[in-house]
């Protein structure tokens, strides 16, 4: 699954070029992280991170996506792992701070099939991921997101399902 997502990132960043992983992943050794960094062209090197801290965060998130999110055995487990991401996004715009990185692109592509099926209530429960997703889908890298953007409500009407209306 991560290989196909990585190929999508490569085609977005390198239009017209075929993607090949130089060191195919053998299990969970993180080689897909390195492969992901290899597909970034020189003119998009900012996507690797602007400084050492951001580069470290890129590596952390790529590893998290590969080892934790991509290998969930159930939807409930996946949603549980998303709670961690939601918490981490509470004080920043993107996964690695305040600028878009390849980790955001990869996470967006991994999350896209799920977000398209979420109700407004589910989007509000993961409000930081929803805010982040809305921002990334409008960044200009995703043609299909431009054609059919996923709508997000700005109302907290559906957030608390314990409210009783009398």
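Numbering (the working numbering), first residue to last: 2 to 167. Each residue gets a CB set at the ideal place from its N, CA and C atoms; glycine is no exception.
Buried/exposed call for residue 126, threshold 16 Cβ in 10 Å: buried
Nearest candidate by alpha-carbon position, reference residue 139, set 87, 121, 105 and 115: 105
C-alpha gap between residue 48 and residue 36, whole angstroms: 14 angstroms
DSSP state of residue 50, grouped into three classes? coil
Helix, strand or coil for residue 141, going by three-state DSSP, please let me know. coil
With 16 as the cutoff for other CB atoms within 10 Å, does residue 131 come out buried or exposed? buried
In this structure, does DSSP put residue 22 in helix, strand or coil? Note on residue 22: pLDDT 45, under 50, position unreliable in the model; no value is reported.
Which full runs of the alpha helix (DSSP H) of 4+ residues lie inside the stretch 47–132, going along the chain? 53–65, 76–89, 103–116 and 121–126
If you drop the 5 nearest sequence neighbours on each side, which residues of the same chain put their C-beta closer than 7 angstroms to that of residue 51? 100
What is the DSSP secondary structure of residue 10, counted as helix, strand or coil? helix
Is the beta carbon of residue 111 less than 9 angstroms from the beta carbon of residue 70? yes
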